[in-house]
Every structure is written in C-alpha cells, then in structure tokens.
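Right, one structure below, let's go through it.
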Amino acid sequence: MSANTALLGRNLRTRSTTVSVNPRINGVAATVSGMVFLICIFGAIWMDMAGINDGIIGVYFAITLLLSSYFLFALKIANQWEKAVVLRFGKFHGLQGPGMFWIIPVV
26 MSANTALLGR
36 NLRTRSTTVS
46 VNPRINGVAA
56 TVSGMVFLIC
66 IFGAIWMDMA
76 GINDGIIGVY
86 FAITLLLSSY
96 FLFALKIANQ
106 WEKAVVLRFG
116 KFHGLQGPGM
126 FWIIPVV
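Reminder that position 102 of the sequence shown reads as 127 in the working numbering, one-by-one numbering, no gaps.
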C-alpha cells in the first residue's frame, strides 16, 4: 500500500499544469511605450536639476505616464492572415488589418 501511495504522490508532483497569460501586448507597442516612459523619466530628472517646481514635474510625469500607457494599449497589429474586429461600447465599429492600427483602449 505504501508503494502505491508513493507512486501516486510522485505522479501528482510531476503532473503540474502551468497557465500562461498572454495579455496580447505586441512588441512594437511595448517599445514605443517604453521609449515614452524613458522620455518621461529623463525629462523629470532634467526638470528637477533645472530647479522647476515639484508640482509642475508631477503634472508632467502624470501626463507622460498616461501617454505611455495609452501607446501600450492602443497600438495593435494584426498579422497578415488576420483581421481584427473593432468594437466600441459593445457595437461593431469595423474590421481592421492586416497591419498596424489604433484603438481607443477604454472605449
């Protein structure tokens, strides 16, 4: 009986399932977003060294951070064999692709 229990325990340990999460963010959008985010950071550092008010730096940082996240989620690329359905407020707005296109991320 102990041999079966050991075998069962070994099978349970080796049969683990991994779930991969694919958020569908393409490399072009991540690159553009990363570049805007780096501009945001270096601009804030430059503004701090120039002696600009911290409130203005905070507003600049927030606006460019929102712009960076917009580029991350708005830029989409459909492969050559794909067409993308664009929905706005749950209604059909059109077909896009193949190629690069923009969507409104929240709507």
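All residues carry an ideal CB built from backbone N, CA and C; glycine is no exception.
Between S58 and L97, the CB-CB gap stays under 7 Å.
The three-state reading of DSSP puts A75 in coil, since its state is none of H, G, I, E or B. Rounded to the nearest angstrom, the gap between the Cα atoms of F62 and Q105 is 30 Å. Judged by DSSP secondary structure, I102 falls within the beta strand (DSSP E) whose first and last residues are 100-103. For A103, the CB contacts under 6 Å within the same chain, skipping 5 residues up- and downstream, are A109, G122, P123 in chain order.
Our two residues, T56 and F114, have alpha carbons roughly 28 Å apart in a direct line.
F114 carries a coil assignment under DSSP once its states are collapsed to helix, strand and coil.
Of the residues L100, A99, I128, N51, the one whose Cα lies closest to the Cα of V111 is I128.
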